[in-house]
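S.K.: Have a look at this one before I ask anything.
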């Protein structure tokens with residue numbers, strides 16, 4: 001596009017040829033030539049991409065008025081006049097910047113060029129089909145809003161905007177992806193946002209180049225604080241109410257066009273255990289839920305490792321009756337306990353992966369294969385022992401309770417298992433210490449990710465428990481420039 | 493510099509792995525779990541050991557996931573020392589013997605008479621044996637014979653003996669478990685002698701084992717036994733009884749009254765005056781009227797007071813009888829009177845220590861018993877027989 005020929009001329013025919021050459025071999029470009037009925041000397045041309053526009057708008061609000069309007073002859077003012085009084089479009093932009101013209105054209109705008117003008121009008125006519133708003137599969141709630149984001153950025157922004165109706169809510173747009181030209185929108189509440197976080201985010205977004213951005217994760221990976229760590233330092237959600245809540249805590253949200261995931265940062269580790277439903281139900285109950293989720297994470301990473309450590313290194317730990325039953329179950333099993341555990345954990349991951357990708361109609365087959373063939377038959381054939389099935393079942397069940405850190409969960413679980421098979425509980429202790437040190441080392445946009453869990457009464461009202469709203473007088477530390485929740489607990 | 497730091501930390505971590513305690517990788521099924529050890533005197537070598545093993549094969553009938561009840565099986569070995577005998581066991585069964593879940597050690601009376609300190613030394617030294625393993629003496633049979641009996645409520649003899657002695661202390665208090673660490677402590681301290689419960693074949697059903705009576709030691713050597721029923725009062729004096737039944741000595745028209753002891757607390761105060769040592773023994777017990785065979789109703793206030801008094805007398809009589817018996821027959825201070833004197837009269841004890849065994853025989857005692865009957869179980873009055 002750096003070609004110097006790519007500039008608009010005053011001749012309509014030349015301009016049409018120009019577009020034709022740019023869109024050579026692309027038959028979706030539609031060029032609609034129009035002559036004014038009363039003044040055939042006024043010749044104009046609409047250009048748009050088929051499928052990206054709302055044809056009804058173009059026909060009724062663009063072409064029809066331009067054809068029928070009683071133009072006076074004024075060769076240099078046609079576009080001006082058309083923009084001001086002829087077309088009935090909400091957004092009309094006059095420019096001769098070819099790059100901008102092409103970008104808008106490809107994003108659903110209609111370009112109007114006229115004979116005798118070396119500029120063009122960009123008319124807002126976006127009108128493609130989007131998925132309707134449905135409840136997101138990954139973040140289901142029993143109580144609370146069920147809206148989920150869709151793939152259209154403007155629709156997503158509108159969903160958040162509807163929830164926070166203040167001019168304080170800012171939206172900054174930028175384009176990422178040298179080829180996909182994906183629109184990204186940074187959104188924050190100006191009076192709450194931590195300026196350092198915002199500056200750092202902008203710096204990072206401008207510091208990389210990428211071919212295409214098809215999902216929010218493309219960006220998330222590029223701007224992550226610890227790209228090689230399995231721990232996420234950028235949050236993501238599919239629900240507008242969650243985004244609104246995070247904005248209200250001073251976080252920054254990032255909308256990416258074409259994906260129903262919205263990124264939020266900074267992201268504390270505790271956010272993995274928080275669910276939006278926690279805030280929509282009674283706080284006693286949600287505190288229990290929070291506690292169960294946190295325990296589930298630890299159970300899920302530790303259970304196989306501890307089982308292997310205790311049964312192969314530290315049999316003294318086991319009560320006599322448990323030792324007897326494990327020993328009885330292990331009689332005749334050919335594999336070492338470590339291998340047995342790894343095997344079954346791998347089988348579980350395979351089943352989970354298969355379950356996530358398969359059509360619903362074969363779900364029953366999967367459960368039969370998983371439960372009967374792999375579970376029962378393997379035990380009866382003495383390929384694995386029965387306690388392993390229980391261990392893997394507990395691990396699997398608790399693992400899917402905290403879906404946000406599924407990846408970390410699996411990696412740590414297998415890591416611990418390997419360490420434990422070499423050094424028993426001693427190695428387990430060291431591995432857990434290592435994990436803790438790693439977590440303490442991680443920052444998300446300058447905020448330590450374990451920050452939400454420092455000691456102190458105000459700091460833990462929304463971590464291990466969920467305090468009632470009137471007690472949560474502070475926003476989480478480090479995220480915001482304005483830590484006091486001014487209006488919380490005020491009774492009118 | 494940073495690299496050096498990382499290397500140093502790495503080396504330190506690795507070196508600690510090799511310098512910490514003993515642990516190694518071993519699969520559960522490769523262990524042969526020992527439930528109990530019997531130690532007899534061997535004719536050819538010094539020790540004849542019987543290991544009560546948990547048989548995991550389920551008699552060869554186990555199929556699939558249903559784990560058959562583990563059965564009991566024994567192996568026997570000889571050795572000049574206990575350690576040698578244990579290692580010789582590898583010849584008998586391919587697997588390594590695993591002692592962490594061993595619950596009982598039964599020592600034959602023959603060996604116990606020669607002194608149990610070598611045995612206690614080995615088991616206290618070994619890393620795998622738990623310090624709370626229970627020690628028994630086999631009185632009438634050899635230890636080997638006892639492990640070949642048939643368990644009743646359990647499938648493994650060793651574990652059955654363990655549950656029997658635990659239940660005994662909890663509900664009967666005629667016998668109290670003596671653990672390895674206690675045996676160790678009592679043997680090495682002066683002013684107290686060891687008692688160890690006895691296991692033997694049940695008189696009524698010789699196929700099974702039972703716990704019966706207490707073996708009395710002097711230093712580390714077995715000197716005698718106390719008959720089953722009297723042992724209750726040994727433990728009441730020693731303040732180790734937790735519960736039990738108390739049949740009143742005095743019969744009313746030939747019928748007995750039984751109290752159920754809920755708790756019993758004994759406090760002994762040694763008094764030395766004019767060179768005479770006297771023990772003031774105070775027993776306080778809480779009880780309920782458990783059984784009334786008589787035709788009288790004792791649920792009135794006076795009646796309860798009367799039963800309390802009878803109970804107190806019973807405890808008094810039996811306690812003094814058992815002290816007298818021990819003093820006269822064995823001269824072994826199983827009640828730990830010496831220890832009490834030592835704590836209270838430190839300087840006097842230094843003199844008494846040398847010939848405490850003789851002194852113990854002359855110790856006077858004064859027993860006070862106090863029984864508090866809190867209820868008469870679920871009956872408010874006597875069950876009446878209609879006309």
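Residue numbers (our numbering), protein chains in the order written: chain G, 1 to 492; chain D, 493 to 879. The beta carbon of each residue, even a glycine, is placed where N, CA and C say it ideally should be. Remember, it's a predicted structure, so these values are computed and weren't measured experimentally.
1. Once you ignore the five residues that flank residue 312 of chain G on each side, which residues in its own chain have a CB closer than 6 angstroms to its CB?
2. Quick check on residue 613 of chain D: buried or exposed, where buried means 16 or more other Cβ atoms within 10 Å of its Cβ?
3. So, does the stretch 14-32 of chain G touch the stretch 44-53 of chain G, judging by three or more C-beta pairs under 8 angstroms?
4. Along chain G, which residues have their Cβ under 8 angstroms away from the Cβ of residue 590 of chain D?
5. If I measure Cβ to Cβ from residue 169 of chain G and keep anything under 6 angstroms in the same chain, skipping five residues before and after, which residues do I get?
6. Measure the alpha-carbon distance for residue 141 of chain G versus residue 387 of chain G and round it to whole angstroms.
7. What are the start and end residues of each continuous alpha helix (DSSP H) run of 4 or more residues lying completely inside the stretch 207-278 of chain G, in chain order?
8. Residues in the same chain with beta-carbon distance under 6 angstroms from residue 391 of chain G, minus the five sequence neighbours each way, listed in chain order, please.
9. For the alpha helix (DSSP H) that contains residue 533 of chain D, what are its first and last residues?
10. Would you verify that the beta carbon of residue 328 of chain G is, or is not, closer than 8 angstroms to some beta carbon of chain D?
11. By the three-class DSSP mapping on this structure, what secondary structure does residue 448 of chain G have?
12. Taking only beta-carbon positions, decide if residue 557 of chain D is within less than 8 angstroms of chain G.
13. For the stretch 332-358 of chain G, which residues have a beta carbon sitting closer than 9 angstroms to at least one beta carbon of chain D?
14. Under 8 angstroms, Cβ to Cβ, is there at least one residue of chain D near residue 142 of chain G?
15. Between residue 580 of chain D and the rest of its own chain, which residues show a CB-CB distance below 8 angstroms, the 5 nearest in sequence each way excluded?
16. Quick one: which residues of the stretch 412-444 of chain G get their C-beta closer than 8 angstroms to a C-beta of chain D? List them in chain order.
17. Could you give the residue range of the alpha helix (DSSP H) that holds residue 311 of chain G?
18. Of all Cβ atoms in chain D, is any one closer than 8 angstroms to the Cβ of residue 2 of chain G?
19. So residue 562 of chain D contacts chain G; which residues on that side make the cut at Cβ distance below 7 angstroms?
20. Would you say residue 551 of chain D lies against chain G (beta-carbon separation less than 8 angstroms)?
21. Kindly say whether residue 473 of chain D, judged by its beta-carbon, lies nearer than 8 angstroms to any beta-carbon of chain G.
22. Can you check whether the C-beta of residue 593 of chain D is within less than 8 angstroms of a C-beta belonging to chain G?
23. Is the Cβ-Cβ distance between residue 54 of chain G and residue 116 of chain G less than 8 angstroms?
24. Check whether the Cβ of residue 225 of chain G sits closer than 7 angstroms to any heavy atom of the ligand MG, and report yes or no.
25. Output needed for residue 753 of chain D: all residues of its chain with C-beta closer than 8 angstroms, excluding positions within five of it in sequence on either side, in chain order.
26. Return the first residue and the last residue of the beta strand (DSSP E) that residue 49 of chain G is part of.
27. Jot down the residue ranges of each uninterrupted alpha helix (DSSP H) in the stretch 837-873 of chain D, minimum 4 residues, whole runs only, in chain order.
28. Buried or exposed: where does residue 159 of chain G fall if 16 or more other Cβ atoms within 10 Å of its Cβ makes it buried?
29. Just how far apart, CA to CA, sit residue 487 of chain G and residue 284 of chain G?
30. Helix, strand or coil for residue 801 of chain D? Go by DSSP, reduced to three states.
31. Can you grab the Cα-Cα spacing for the pair residue 705 of chain D / residue 803 of chain D, in whole Å?
32. Classify residue 300 of chain G: buried if its beta carbon has 16 or more other beta carbons within 10 angstroms, exposed otherwise.
33. Given this structure, state the Cα-to-Cα distance separating residue 566 of chain G from residue 443 of chain G, to the nearest angstrom.
34. Please check if any C-beta of chain D sits within less than 8 angstroms of the C-beta of residue 392 of chain G.
35. At which residues does the beta strand (DSSP E) containing residue 610 of chain D begin and terminate?
36. Just grab the DSSP bridge partners of residue 702 of chain D for me.
M.R.: So, from the data block:
1. 337
2. exposed
3. yes
4. 315
5. 189
6. 33 angstroms
7. 216-222, 240-248
8. 303, 304, 307
9. Residue 533 of chain D -> not in any alpha helix (DSSP H); beta strand (DSSP E) instead, spanning 523-533.
10. yes
11. strand
12. Residue confidence for residue 557 of chain D is low, a pLDDT of 41 falling below 50, so the modelled location carries little weight and cannot support an answer.
13. 332, 333, 336, 337, 338
14. no
15. 569, 570, 571
16. 421, 423, 424, 426, 427, 430
17. 283-312
18. In this prediction, residue 2 of chain G scores a pLDDT of 45, lower than 50, which makes its location untrustworthy; no coordinate-derived value is stated.
19. 324, 328
20. Below a pLDDT of 50, predicted positions are generally treated as unreliable, and residue 551 of chain D, at 47, falls in that range; the measurement from the model is reported next regardless. It does not; no Cβ of chain G falls within 8 angstroms.
21. No statement about residue 473 of chain D is possible, as the shown extent of chain D runs from 493 to 879 and does not include it.
22. yes
23. no
24. As presented, the structure is devoid of all ligands, the ligand MG included, so that no description of it is given.
25. 665, 733, 735, 736, 737, 738, 777, 778, 779
26. 43-49
27. 838-844, 848-852
28. buried
29. 23 angstroms
30. helix
31. 23 angstroms
32. buried
33. Residue 566 of chain G lies beyond the residue range present for chain G, which begins at 1 and ends at 492; the question has no answer from this structure.
34. no
35. Taken as a continuous stretch (DSSP letters only), residue 610 of chain D belongs to no beta strand (DSSP E), being part of the alpha helix (DSSP H) at 609-617.
36. D:692
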